[in-house]
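Residue numbering for the sequence shown follows the numbering used here, starting at 1 and increasing by one per position.
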Amino acid sequence: LVDRSRKTVGRPGIYVLQIDGELIVKRVQKHLQTGHIDVISDNPKYPTMTITDEERLAVVGRVVWIGRALG
1 LVDRSRKTVG RPGIYVLQID GELIVKRVQK HLQTGHIDVI SDNPKYPTMT
51 ITDEERLAVV GRVVWIGRAL G
């Protein structure tokens with residue numbers, strides 16, 4: 001279940017994102033000092049991607065339920 005009212009990255013969590021036109025679901029963490037956003041995959045085959053240019057990123061929403069409530 002995705003809360004589509006959340007259009008910015010606040011606290012860390014799982015978000016639906018559109019990056020360079022590609023729709024993905026990933027863990028996201030924002031660096032408070034720099035404003036950079038880390039896009040983190042649970043699959044170790046995919047490295048963490050750091051977004052420094054927020055124009056490349058559109059937040060579709062925050063995942064709030066995956067068969068159980070998420071903090």
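Here a beta-carbon is modelled for each residue, glycine too, at the ideal position from N, C-alpha and C.
Per DSSP, which residues does residue i bridge with? Please list them.
i, result
"E54", "Answer is none; E54 lacks a bridge partner."
"R68", "According to DSSP, which records beta bridges pairwise, R68 is partnered with nothing at all."
"V63", "V2"
For residue i, report the span of its beta strand (DSSP E) as first-last.
i, result
"L17", "G13 to I19"
"K30", "E22 to K30"
"I40", "I37 to I40"
What would DSSP say about residue i, mapped onto helix, strand or coil?
i, result
"R6", "coil"
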